[in-house]
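S.K.: Take the position in the sequence shown, starting the count at 1, then add 16; the result is the number in my numbering. Glycine included, C-beta positions come from ideal geometry on N, C-alpha and C.
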Amino acid sequence: MSKKPTIAVTGGAGFIGSHTVVQLVEAGYEVVIIDNLSRSDRTMLDGISRITKTTVPFYEVDCTDPKALDKVFLENSFDAVIHFAAYKAVGESVSMPLDYYENNILSLTTLLRVMNKHAVRSLIFSSSCTVYGEPDMVPVTEQSPIKLANSPYGATKQMCERILEDAKVYGIQAVSLRYFNPIGAHPSGLLGELPIGVPNNLVPFITQSAAGVRGSLTIFGNDYQTPDGTCIRDYIHVVDLADAHVRAFDFIRQQEEASGFHVFNVGTGRGVTVLEVVKEFEEVNKVKLNYSFGPKRPGDIEKVFADPSKAFKSLMWRPKFSMKEALQHAWQWEKNFRKIEQ
Ligand code: WQD
Numbered sequence: 017m018s019k020k021p022t023i024a025v026t027g028g029a030g031f032i033g034s035h036t037v038v039q040l041v042e043a044g045y046e047v048v049i050i051d052n053l054s055r056s057d058r059t060m061l062d063g064i065s066r067i068t069k070t071t072v073p074f075y076e077v078d079c080t081d082p083k084a085l086d087k088v089f090l091e092n093s094f095d096a097v098i099h100f101a102a103y104k105a106v107g108e109s110v111s112m113p114l115d116y117y118e119n120n121i122l123s124l125t126t127l128l129r130v131m132n133k134h135a136v137r138s139l140i141f142s143s144s145c146t147v148y149g150e151p152d153m154v155p156v157t158e159q160s161p162i163k164l165a166n167s168p169y170g171a172t173k174q175m176c177e178r179i180l181e182d183a184k185v186y187g188i189q190a191v192s193l194r195y196f197n198p199i200g201a202h203p204s205g206l207l208g209e210l211p212i213g214v215p216n217n218l219v220p221f222i223t224q225s226a227a228g229v230r231g232s233l234t235i236f237g238n239d240y241q242t243p244d245g246t247c248i249r250d251y252i253h254v255v256d257l258a259d260a261h262v263r264a265f266d267f268i269r270q271q272e273e274a275s276g277f278h279v280f281n282v283g284t285g286r287g288v289t290v291l292e293v294v295k296e297f298e299e300v301n302k303v304k305l306n307y308s309f310g311p312k313r314p315g316d317i318e319k320v321f322a323d324p325s326k327a328f329k330s331l332m333w334r335p336k337f338s339m340k341e342a343l344q345h346a347w348q349w350e351k352n353f354r355k356i357e358q
C-alpha cells in the first residue's frame, strides 16, 4: 500500500483553509494543520473533526517563526504545502498596511526557506482577484494586466506571486489560485465562516445582521456604473473553492518539469451586484434584511468577475454549487452557530 500523500495546510483553521482540509481528508490525503489562531479559533477544528470523523494533527505555529515552522517539518514528511496563512481584509489593509506587508510577505518567504531546507517542492498559494486592481475589462483572464493594486492586501498578493515565480530556482513547483469572492459554508452546517469581530466581508455581515448579532447592513455605494449602482463581484461557494485546491495538487503531480509557476482564476464566471446578493438572501432564506446605502468604501473596485475557463480546462474543475445554495448554507451555519431555531 503506497503512503498517502501528506499535505501541510497553513491557515488551515481559517474559513477557506478549514473547508479545504475537509475536502483533502475526504479525497484520501493525510493533512497537518499549521495555524497561529490569530484570525481563527479552535471551533473550526471541532467542525473539521465532526465532519471527517478524524482528528487532523494541528500545530499552533506562526508561519513567520522559522524555528517553530522548521520543527513541524522535522516531525512530518510533507509532499506539498497549501499556504492560506495571511491577513485578507481589503478595507482593513488600507488602515494597517505594515501589518499586512510584514505578515503576508514574511510568512511566505519563511515558509519557502523551510520547504527548501526539507526538500518540499510543491506549493499551492492562496492568491486573489485583487491582483488585477480595477480591471479595464471584465471578465478577467489570467492574462489580464496586473495593475497597481487598490489596497495593501492586493499588493501583498502581487508580491507573493512574484516571489513564487522567482522561487523556481529552488525547484519550487507552485500553483497560485486567484480567488474571487468565497461565500457560504459546508452543507452539513457544521463548518462555516467565523470572522473575529465585526465582519469586513458582505455575506458574514448579512448573516450576522439577520441573526440580530449586528445592526442593519450598510451597502457601500449605490452610484457605481452598474445596473443597480452597487458593486459587482464573482461569489463562489467555499466548498467549490476548496475542491479547486485538491485539483491543483493533482495538476502539480502531473507536471514533468522540476519547477514552475502556474496561475488560475477560481471563480464562477458570473458577476453579481451587492443588491442582488441581498435580495437573493432574503428570498432564499425567507428573511427580511435591514439595509441602507452609505458612502463608497476606500479600496473597493467597481466590478470584477472571472473568466475561469483555464481552471475548467487544466484543473478539470468546475463549481457545482449555485449562489442560492451558498446563501442557504451560510444562513444555516449562522443559525446553527447561534443556536437559532427558525
Ligand atoms: C464585497 C462587496 C463591498 C461589506 C474579498 C476579500 C478578499 C478577496 C476578494 C480572496 C463590496 C460590499 C461589503 C458591507 C458592503 N478574496 N460590502 N457592505 O472587498 O470584494 O474582497 O474578496 O482573496 O480577500 O476580502 O469582499 O465581501 O468585503 O465586499 O456593501 O458591510 O460588498 O463594498 O462591493 P471584497 P467584501
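1. For threonine 26, verify whether its CB is less than 7 Å away from any heavy atom of the ligand WQD.
2. So, are the CB atoms of valine 288 and isoleucine 252 less than 8 Å apart?
3. By DSSP, does leucine 207 sit in helix, in strand, or in coil?
4. My assumption, with CB atoms under 8 Å, is that valine 72 sits in contact with valine 37. Please give the rounded CB distance.
5. Among the candidates Val185, Phe267 and Ile222, whose CA atom is the shortest distance from the CA of tryptophan 349?
6. In the DSSP assignment, find the beta strand (DSSP E) that holds phenylalanine 141 and state where it starts and stops.
7. Candidates Gly44, Gly30, Gly27 and Ser34: which alpha carbon is nearest lysine 19's?
8. Excluding sequence positions up to five away, which residues of its chain have a Cβ less than 8 Å from the Cβ of isoleucine 179?
9. Report the rounded CA-to-CA distance for aspartate 78 versus glutamate 318, giving the unit in angstroms.
10. Measure how close the beta-carbons of tyrosine 103 and serine 109 come, nearest whole angstrom, since I'm counting them as under 8 Å.
11. Assuming cysteine 145 and arginine 194 make a contact with CB atoms under 8 Å, what is their CB distance in whole Å?
12. Measure the alpha-carbon distance for alanine 342 versus aspartate 256 and round it to whole angstroms.
13. Expressed to the nearest angstrom, what Euclidean distance is found between the alpha-carbon atoms of isoleucine 268 and aspartate 57?
14. Is it true that the CB of asparagine 281 sits closer than 8 Å to the CB of glycine 107?
15. Suppose contacts are defined by Cβ-Cβ distances below 8 Å. Is asparagine 306 in contact with leucine 210 by that definition?
16. Starting from isoleucine 121, follow the beta strand (DSSP E) in both directions and report where the run begins and ends.
17. Apart from the five residues just before and just after valine 154, which ones in its own chain have a Cβ nearer than 8 Å to its Cβ?
18. So, under 8 Å CB-CB, valine 41 and threonine 70 are touching, yes? Tell me the CB distance rounded to an integer number of Å.
19. Spatial neighbours of lysine 340 within its chain, please: CB distance less than 8 Å, with the 5 preceding and 5 following residues excluded, ordered by chain position.
20. Within the present structure, is the beta-carbon of serine 330 separated from the nearest heavy atom of the ligand WQD by less than 7 Å?
M.R.: To lay it out plainly:
1. In the sequence shown, the residue the question calls residue 26 occupies position 10. Incorrect: threonine 26 has no Cβ contact closer than 7 Å to the ligand WQD.
2. Here the question's residue 288 lines up with position 272 in the sequence shown. Here the question's residue 252 lines up with position 236 in the sequence shown. No.
3. Taking the first residue of the sequence shown as position 1, residue 207 is located at position 191. Correct three-state label for leucine 207: coil.
4. As a working note, residue 72 is residue 56 in the sequence shown. As a working note, residue 37 is residue 21 in the sequence shown. Their Cβ separation, rounded to whole angstroms, is 6 Å, which keeps valine 72 and valine 37 in contact under 8 Å.
5. Residue numbering aside, residue 349 sits at position 333 when the sequence shown is read from its first letter. The option with the nearest alpha carbon to tryptophan 349 is Ile222.
6. In the sequence shown, residue 141 corresponds to position 125, counting from 1. 138 to 144 is the span of the beta strand (DSSP E), which, as asked, contains phenylalanine 141.
7. If you number the sequence shown from 1, residue 19 lands on position 3. Measuring from the Cα of lysine 19, the nearest candidate turns out to be Gly44.
8. Position 163 of the sequence shown, counted from the first residue, corresponds to residue 179. The answer, listed in chain order, is Ile121, Leu124, Thr125 and Leu128.
9. In the sequence shown, the residue the question calls residue 78 occupies position 62. In the sequence shown, the residue the question calls residue 318 occupies position 302. Between aspartate 78 and glutamate 318, the C-alpha separation is close to 34 Å.
10. Sequence index remark: in the sequence shown, residue 103 carries index 87 (1-based). Sequence index remark: in the sequence shown, residue 109 carries index 93 (1-based). That pair is a contact at about 7 Å.
11. Your numbering for residue 145 matches position 129 in the sequence shown. Your numbering for residue 194 matches position 178 in the sequence shown. Correct: roughly 5 Å between the Cβ atoms.
12. As a position in the sequence shown, residue 342 is number 326, starting the count at 1. As a position in the sequence shown, residue 256 is number 240, starting the count at 1. Taking C-alpha positions only, alanine 342 is separated from aspartate 256 by approximately 10 Å.
13. In the sequence shown, the residue the question calls residue 268 occupies position 252. In the sequence shown, the residue the question calls residue 57 occupies position 41. If you take the alpha carbons of isoleucine 268 and aspartate 57, they lie about 30 Å apart.
14. Here residue 107 is taken as the residue at index 91 of the sequence shown, counted from 1. Here residue 281 is taken as the residue at index 265 of the sequence shown, counted from 1. Against a cut-off of 8 Å, the Cβ pair of asparagine 281 and glycine 107 comes out as no contact.
15. Translated into the one-based positions of the sequence shown, residue 306 becomes position 290. Translated into the one-based positions of the sequence shown, residue 210 becomes position 194. Using a Cβ distance threshold of 8 Å, asparagine 306 and leucine 210 do not count as a contacting pair.
16. As a first step, residue 121 must be located in the sequence shown, where it is residue number 105. Where isoleucine 121 is concerned, there is no enclosing beta strand (DSSP E), although the alpha helix (DSSP H) it sits in stretches over 113 to 133.
17. The count along the sequence shown starts at 1 and reaches residue 154 at position 138. Result list for valine 154: Ile248, Gly287, Lys319, Val320 and Phe321, in chain order.
18. The residue labelled residue 41 in the question sits at position 25 within the sequence shown. The residue labelled residue 70 in the question sits at position 54 within the sequence shown. Sure, about 6 Å apart at Cβ, within 8 Å.
19. Position 324 of the sequence shown holds residue 340. Once the five neighbours on either side are set aside, the close Cβ partners of lysine 340 are Glu296 and Val300.
20. Working through the sequence shown from its first residue, we reach residue 330 at position 314. No, the Cβ of serine 330 stays beyond 7 Å of every heavy atom of the ligand WQD.
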